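Residue numbers (the working numbering): 1130 to 1473.
Positions of the beta carbon are idealized from the N, C-alpha and C atoms, including for glycine.
Please read all numbers here as calculations on a predicted model, not as lab measurements.
Heads up, the thing below is written out as structure tokens.
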């Protein structure tokens, strides 16, 4: 799909991640990375709708570099790193962390799988994310066309609710049945096993014969783990929701980089705090854009809000909320304070 078809909030999340790491030690491209216009929809076996969006990241390295394709073999005995294209995988909703997986030195999983499938004379119709680092490409007929990462094996015997089992620690100790006099003379006593605490859950891995079988049992076999993943991701989504509702806090005297979703854009600042903000367009790779918000170094008696209005040539519009605070700003001066929400 084209990047313009991705929900704006998810698209912004990926663009802002790239802008946040630009020029840092986490950016191996020296600031050349930019989002590519094509995005791949990824699925999960227990979900009917799109579960993730895979953004390809152009690393600005040209087409003459060897690229890593998959951990399952090589091409003519040659493998090259780093890749020519990176990726950012963003979850469509709260079943996983907002940014579930990203890399600026590996090819997108969908491309790794597509290349591996093509070499076997197969074609990928859908891509599934089945584990943290495991992806499967499926043909139109539901057969496996290729994969990257290790396929998870179904687990039998997991508790239905991990929360109920949390804190119930069990231990197993193997020791001599009769205590020896010292370590130099352990004796011939047979060892005994001592279990303490909660009774350990009896679990075992179940072998599967095909991708079709794994897909069929996926929801039931991994349900407790998937539910726990969603619970672990919930705080991150709460922060995302609060930022969208109350705005993002920026310290006075600091500079905040904001990604633009398109290179051609008009940016305006309004609101009580607009007087504090200076906008500076930043140099970015062709096809991308960003601005720096320089917030004046002032002591504030209370946080002051401002809005950033972005109009793109394509017709897309965004309004991003912010509030400025200083180190001396109390957090309880305004009943509707954004700071109150974040400090809770």
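Residues sharing a beta bridge with residue i, DSSP
i: residue 1342; result: None, per the DSSP bridge assignment.
i: residue 1365; result: Per DSSP, none; premise fails for residue 1365.
i: residue 1307; result: Residue 1307 pairs with nothing; no bridge assigned.
i: residue 1398; result: 1437
i: residue 1349; result: Answer by DSSP bridge pairing: none, since residue 1349 is not bridged.
i: residue 1409; result: 1421
i: residue 1379; result: 1453
i: residue 1385; result: 1422
i: residue 1431; result: The partner list for residue 1431 (beta bridge, DSSP) is empty, contrary to what the question assumes.
i: residue 1232; result: 1216
i: residue 1320; result: 1305
i: residue 1186; result: 1164, 1215
i: residue 1268; result: Its beta-bridge partners do not exist; DSSP assigns none.
i: residue 1256; result: 1171, 1266
i: residue 1276; result: 1265
i: residue 1285; result: 1333
Cβ-heavy atom distance, residue i to the ligand PLP, below 8 Å
i: residue 1215; result: This structure lacks the ligand PLP; in fact it carries no ligand of any kind.
Expected contact under 8 Å - CB spacing of residue i and residue j to nearest Å
i: residue 1223; j: residue 1359; result: 6 Å
i: residue 1162; j: residue 1233; result: 6 Å
i: residue 1337; j: residue 1285; result: Incorrect: roughly 12 Å between the Cβ atoms, too far for contact.
i: residue 1375; j: residue 1280; result: With a Cβ gap of about 42 Å, residue 1375 and residue 1280 do not count as contacting.
i: residue 1340; j: residue 1272; result: 7 Å
Cβ-based burial, residue i [other Cβ within 10 Å; buried from 16]
i: residue 1444; result: exposed
i: residue 1318; result: exposed
i: residue 1350; result: buried
i: residue 1299; result: exposed
i: residue 1432; result: buried
i: residue 1141; result: buried
i: residue 1210; result: Interpretation of residue 1210 is limited by its pLDDT of 48, a score under 50 that renders its predicted location unreliable; the figure taken from the coordinates is listed afterwards. Classification for residue 1210: exposed.
i: residue 1394; result: buried
i: residue 1254; result: exposed
i: residue 1457; result: exposed
i: residue 1379; result: buried
i: residue 1218; result: buried
i: residue 1153; result: exposed
i: residue 1130; result: exposed
i: residue 1417; result: buried
i: residue 1235; result: buried
i: residue 1269; result: exposed
i: residue 1334; result: exposed
i: residue 1147; result: buried
i: residue 1446; result: exposed
i: residue 1459; result: exposed
i: residue 1282; result: exposed
i: residue 1323; result: exposed
i: residue 1151; result: buried
i: residue 1201; result: Because residue 1201 sits at a pLDDT of 45, beneath the cut-off of 50, its placement in the model cannot be relied upon, and the following sentence gives the value as read from the coordinates. The residue in question, residue 1201, is exposed, as its Cβ has fewer than 16 Cβ neighbours within 10 Å.
i: residue 1344; result: buried
i: residue 1155; result: exposed
Straight-line Cα distance separating residue j from residue i
i: residue 1241; j: residue 1266; result: 10 Å
i: residue 1377; j: residue 1448; result: 12 Å
i: residue 1183; j: residue 1435; result: 32 Å
i: residue 1164; j: residue 1186; result: 5 Å
i: residue 1245; j: residue 1439; result: 41 Å
i: residue 1230; j: residue 1307; result: 52 Å
i: residue 1135; j: residue 1221; result: 10 Å
i: residue 1356; j: residue 1139; result: 22 Å
i: residue 1454; j: residue 1409; result: 20 Å
i: residue 1302; j: residue 1326; result: 12 Å
i: residue 1225; j: residue 1249; result: 32 Å
i: residue 1276; j: residue 1313; result: 53 Å
i: residue 1149; j: residue 1428; result: 26 Å
i: residue 1274; j: residue 1238; result: 13 Å
i: residue 1158; j: residue 1189; result: 7 Å
i: residue 1413; j: residue 1388; result: 10 Å
i: residue 1178; j: residue 1430; result: 47 Å
i: residue 1373; j: residue 1346; result: 37 Å
i: residue 1369; j: residue 1228; result: 11 Å
i: residue 1170; j: residue 1304; result: 54 Å
i: residue 1243; j: residue 1251; result: 9 Å
i: residue 1391; j: residue 1342; result: 43 Å
i: residue 1263; j: residue 1353; result: 18 Å
i: residue 1415; j: residue 1166; result: 12 Å
i: residue 1137; j: residue 1160; result: 23 Å
i: residue 1132; j: residue 1168; result: 6 Å
i: residue 1309; j: residue 1180; result: 59 Å
i: residue 1405; j: residue 1452; result: 11 Å
i: residue 1397; j: residue 1411; result: 15 Å
Minimum Cβ-Cβ distance from residue i to chain D less than 9 Å
i: residue 1132; result: Looking at the structure shown, chain D is missing, and only one protein chain is on hand.
Should the segment 1399–1409 be regarded as contacting the segment 1361–1373, the criterion being three or more beta carbon pairs within less than 8 Å? Contact between the segment 1399–1409 and the segment 1361–1373 is absent: fewer than three C-beta pairs spanning the two stretches fall below 8 Å.
Does the segment 1414–1428 come into contact with the segment 1381–1401, if we say contact requires no fewer than three beta-carbon pairs (one atom in each stretch) closer than 8 Å? Yes, the segment 1414–1428 is in contact with the segment 1381–1401.
The segment 1212–1228 contacting the segment 1282–1291, beta-carbon criterion three pairs below 8 Å: Under the 8 Å Cβ criterion, the segment 1212–1228 does not count as touching the segment 1282–1291, having fewer than three qualifying pairs.
State whether the segment 1256–1265 contacts the segment 1162–1179, with contact taken as three or more CB pairs (one from each stretch) at a distance under 8 Å. The segment 1256–1265, when compared against the segment 1162–1179, does touch it at the 8 Å Cβ threshold.
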